[in-house]
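Note sheet for the following structure.
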Amino acid sequence: MHSPFSPSVIDPDMLLLGYRSGIFPMADARDDPEIFWVEPRRRAILPLDGFHLSRSLAKAVRREKFAVTCNAAFAAVLDRCAAPRRDSGDTWISERIAATYRLMHERGLAHSIECWQTGEDGERELVGGLYGVGFDRVFCGESMFSRATDASKVALAWLVAALRRAGGELLDCQFITDHLASLGAVEISQAEYRLRLAEAQRYSAAGDGAGAGAAAGDALGLGAGDAPAAGWLTLPEGFAALLAGAAASSSSPGNFIAQSLTHTS
1 MHSPFSPSVI DPDMLLLGYR SGIFPMADAR DDPEIFWVEP RRRAILPLDG FHLSRSLAKA
61 VRREKFAVTC NAAFAAVLDR CAAPRRDSGD TWISERIAAT YRLMHERGLA HSIECWQTGE
121 DGERELVGGL YGVGFDRVFC GESMFSRATD ASKVALAWLV AALRRAGGEL LDCQFITDHL
181 ASLGAVEISQ AEYRLRLAEA QRYSAAGDGA GAGAAAGDAL GLGAGDAPAA GWLTLPEGFA
241 ALLAGAAASS SSPGNFIAQS LTHTS
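Put into structure tokens, the structure is as follows:
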């Protein structure tokens with residue numbers, strides 16, 4: 001049973017329809033109750049087979065510089081992403097938008113990746129992460145933050161590896177930045193993005209259940225009984241499958257991920 005939502009929150013069904021149509025909401029300020037829907041002329045995506053794992057980043061992943069989790073601290077990641085920017089002092093993630101994504105998370109539609117470090121006091125500290133909306137074979141990355149060198153990059157590396165394990169096809173980054181470009185993101189037209197978006201949703205639109213699920217199970221190396229019924233896994237399921245794959249290979253998760261990304265990037 002779904003939780004009730006405040007009138008100030010964007011209707012989750014409307015928000016999901018927006019993502020399925022290639023648009024997303026933003027606000028002008030943290031306390032702005034109004035939102036506007038964005039459809040960029042140029043769209044940034046990160047091809048899942050084109051992630052650029054530099055030597056320094058590969059070292060950080062292999063050495064497990066950070067403990068990485070999925071959906072362990074969604075609200076905390078969202079709050080840190082919504083904090084005012086040092087350069088501008090403002091943020092596009094308004095209170096209304098933040099409340100909406102918290103509700104989306106409760107409904108299993110929004111997910112986070114977290115990076116942790118243990119401080120001198122022995123307490124685990126959240127030092128990086130990202131969050132976004134997942135549906136069908138699509139993940140729309142919303143925002144990321146980093147309070148330690150390489151933290152957001154490691155989070156993105158784990159996201160890419162988990163989405164590949166889940167049978168994902170499209171990782172939307174919205175707008176290109178130098179940071180994302182250095183990790184393999186490319187810019188395409190909105191028209192091409194919408195074509196890729198429709199292709200990634202083809203199984204859902206066709207209602208293809210068992211057949212697509214079996215195909216995804218084969219691709220993920222799962223048994224017939226473990227094949228996802230709708231043809232893909234959610235991000236948390238892909239994350240769990242990634243850890244299971246590392247355990248089955250008798251490798252550390254860091255080595256397992258670095259190796260898989262190095263072989264295909």
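When the sequence shown is numbered by my numbering, its final residue is 265 and no position is left out of the sequence of numbers.
Glycine is no exception: its CB is placed at the ideal position from the N, C-alpha and C atoms.
- Excluding its 5 nearest sequence neighbours in each direction, leucine 197 has C-beta neighbours in its own chain below 6 Å: Gly22, listed in chain order.
- Cβ contact annotation for glycine 18 (same chain, cutoff 8 Å, sequence separation greater than five): Phe24, Pro25, Trp37, in chain order.
- Bounds of the beta strand (DSSP E) holding glutamine 174 are 170–174.
- Put simply, the backbone Cα of alanine 151 is about 13 Å away from that of arginine 63.
- In summary, serine 143 is buried, with 16 or more beta-carbon neighbours lying within 10 Å of its beta-carbon over all protein chains present.
- At the C-beta level, phenylalanine 239 and alanine 246 stay beyond 7 Å of one another.
- For glutamine 117, the enclosing beta strand (DSSP E) begins and ends at 110–118.
- Under the three-state reduction of DSSP, threonine 91 is assigned to coil, being neither helix nor strand.
- By the criterion of a C-beta distance shorter than 8 Å, leucine 163 is surrounded in its chain by Leu48, Phe139, Leu171, Leu235, Gly238, once the five residues flanking it on both sides are discounted.
- With fewer than 16 other Cβ atoms inside 10 Å of its own Cβ, phenylalanine 175 counts as exposed.
- Considering only Leu243, Tyr193, Ala166, the residue with the shortest C-alpha distance to glutamate 39 is Tyr193.
- Distance from the Cα of glycine 254 is smallest, within the candidate group Pro33, Met14, Val68, for Val68.
- Nearest in C-alpha terms to alanine 44, of all of Glu123, Val186, Ser252, is Val186.
- In this model, tryptophan 232 and arginine 20 are separated by some 17 Å (Cα to Cα).
- Taking 3 residues as the minimum length, the beta strand (DSSP E) runs contained wholly in the segment 8–91 are 24–26, 36–38, 42–45, 67–70, in order along the chain.
- Closest by C-alpha distance to alanine 60, out of Thr149, Ser250, Pro84, Asp178, is Thr149.
- Here the alpha carbons of alanine 29 and phenylalanine 51 stand approximately 32 Å from one another.
- DSSP places arginine 96 in the helix class (H, G or I) of the three-state scheme.
- Beta-bridge partners of isoleucine 188 (DSSP): Arg43.
- In this structure, DSSP gives serine 152 a helical state, which the three-state scheme calls helix.
- Linking tyrosine 101 to leucine 126 through their CA atoms gives a straight-line distance of about 19 Å.
- By the neighbour-count definition (other C-beta atoms within 10 Å, threshold 16), leucine 195 is an exposed residue.
- Judged by beta-carbon spacing, leucine 130 lies beyond the 7 Å limit of alanine 157, meaning their Cβ atoms are not closer than that value.
- For glutamate 237, the uninterrupted alpha helix (DSSP H) run begins and ends at 235–248, by DSSP.
- Apart from sequence neighbours up to five positions away, the residues of its chain that approach leucine 109 with a beta-carbon distance below 8 Å are Pro12, Leu16, Val133, Gly134, Phe135, ordered along the chain.
- The shortest CA-to-CA distance from glycine 168 to any of Ile188, Leu180, Ala200 is the one to Ala200.
- Looking at the backbone, the Cα of alanine 181 and that of serine 260 are separated by about 20 Å.
- It is roughly 20 Å from the alpha-carbon of histidine 179 to the alpha-carbon of isoleucine 93.
- In the three-state scheme derived from DSSP, where H, G and I count as helix and E and B as strand, glycine 254 is classed as helix.
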